[in-house]
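Working notes, beginning with the structure itself.
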Amino acid sequence: MNPERARRLAVLLVALSTPALSGALSGQSTDPLSAAVQVYIDSLTHNSGIPGLTLGLALPDGTSRGFAAGWSDTTAHREMRATDRMLQGSVGKTYFGAVALQLVSEGRLDLDARLADYLGDEPWYDRLPNGDDATIRQLMSHTSGIVRYELNPAFLQDLTREPMRTWTAEERLAYLFGMEPPFAAGEGWDYSDTNYILVAMAVEKVLGTLIYDEIDRRLLGPLSLENTVRSDRPAVPGIVNGYGGPENPFGDFDETVSEGRLVFNPQFEWAGGGFASTTEDLAIWVRHIHEGRAFDPTLLDDFRTGTPAPLGPEASYGLGVVMMQLPAGTAWGHSGFMPGYRTEAYYFPDYGFALALQVNSSDRPAFDRPPLLLLSELAEIVSEHLGLGR
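The end of the sequence shown is residue 389 by numbering that gives the first Met the number 0, with every number in the run present.
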């Protein structure tokens, strides 16, 4: 038995012998898989600084399950529910990217066309770093050399001063105008929300419609993702409290929700993320992507052709997807961060299931190990109970 598996089994045995945790199963599904998953996630909230979490599982037989543990509000002692929503952060790029790939299959967007072919007539365009050369493919793979606006010190200062501000696309881009790019287009890798802001702008230019409306029409509706909503305003339906911690880079706040509304406007993120959901909905979505139901499956090879990226073990980044090797095996998906929330949503092709984990804390000291490792441990639990092998 490898050391990691032995450690996980030890956690489960301790959890099962703890009355507070074993009692948490009452009133919930008692099948062996659900019981093991519930005990494990209960142990996470009891043995770390994680306030609460939700977990979604989309199984090979087409069924799905949702789980919850811990608190959605630590002051009010409100228990987390599987139906609670959290901000996805960068995982939301997957919806915007899927619409772009649908347009590629429709012949309305060209992955290897320059962004300038779509937005070059905008009055600000000549001030965009690498704007003359960057292609749609390079934007979607973060190889454009166009850096992120969202961690620019001037942007963070303005966001802290005006947390409820509604941003235009040009206002976001203005923080980069005239900057020297870190590398020429196509000659490096640098993660940047700006890339997906620009892809979304190109899509809206091509279609003459709002990309949020296209996501509703093309993805959320047809795939029955009824628990996935836009996070384009402070009043996000069903959002639970999150905890940003003392080093929150996006403002001087810890708790993210007051009187049912976020204390900042998440609209600043737009196509860099832009959604909130339950984890069950998110796991279903990730499975749809990787089983060819989100866009033309003939584009999956392009989608999963990656550039090496410092995101995890043997990691590379495709067209809106991270591919890496976790202890549980190959994983394809995306991670997300927003103040007060962490998200991991991955498909495990060795087993044919998807897992999505959301935690209502972005405070690093709350985690005794990375969320991706937690997801990998959960994938091993699920695969063992389903009798699935690599």
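Glycine is no exception: its CB is placed at the ideal position from the N, C-alpha and C atoms. Model, not experiment: these values are computed from the prediction.
Check, Outcome
"Separation of L385 from F95, as counted between CA atoms", "33 angstroms"
"Separation of S360 from T44, as counted between CA atoms", "11 angstroms"
"Segments assigned beta strand (DSSP E), at least 3 residues, entirely inside the region 38-126", "51-57 and 63-72"
"F336: first and last residue of the uninterrupted beta strand (DSSP E) it sits in", "G328 to M337"
"Proximal residues to K92 (C-beta, below 6 angstroms), its chain only, five neighbours per side dropped", "Y195 and G319"
"Where V146 sits in the DSSP three-state scheme", "coil"
"For E254, the three-state DSSP class (helix, strand or coil)", "strand"
"A23 classed as buried or exposed, judged by whether at least 16 other C-beta atoms fall within 10 angstroms", "Unreliable positioning characterises A23 in this predicted model, as indicated by a pLDDT of 38, which lies under 50. The coordinate reading is nonetheless provided below. Per the 10 Å Cβ criterion, buried."
"C-alpha gap between S89 and D30, whole angstroms", "33 angstroms"
"Three-state secondary structure (DSSP) of F154", "helix"
"Classification of G177 by the beta-carbon crowding that lies within 10 angstroms, buried from 16 upward", "exposed"
"Nearest candidate by alpha-carbon position, reference Q156, set L354, T304 and F249", "F249"
"Inter-stretch contact at 8 angstroms, needing at least 3 Cβ pairs: the region 234-241 / the region 134-153", "no"
"Per DSSP, cross-strand counterpart(s) of E343", "S334 and L356"
"Backbone secondary structure at S276 - three-state DSSP", "strand"
"Beta-carbon gap between I40 and L56 smaller than 8 angstroms", "no"
"Residues sharing a beta bridge with Q324, DSSP", "T329"
"Cα-Cα separation, D349 to M322", "13 angstroms"
"The region 116-133 touching the region 192-207, judged by at least three CB pairs closer than 8 angstroms", "yes"
"contact_flag[the region 96-113, the region 149-167] where n(CB pairs < 8 angstroms) is 3 or more", "no"
"CA-to-CA distance, D60 to S28, given in whole angstroms", "Confidence in S28 is poor, its pLDDT being 49 and thus under 50, which makes the residue's placement too unreliable to answer from."
"Which of helix, strand or coil DSSP assigns to T227", "strand"
"Residue range of the alpha helix (DSSP H) that includes D300", "L299 to F302"
"Beta-ladder partner(s) of Y316, from DSSP", "T306 and V321"
"N194 - containing alpha helix (DSSP H), residue span", "D192 to L206"
"Through-space distance from A75 to Q266, alpha-carbon basis", "27 angstroms"
"L102 to G48 span [Cα, whole Å]", "43 angstroms"
"Rounded C-alpha distance that separates T329 from Y345", "10 angstroms"
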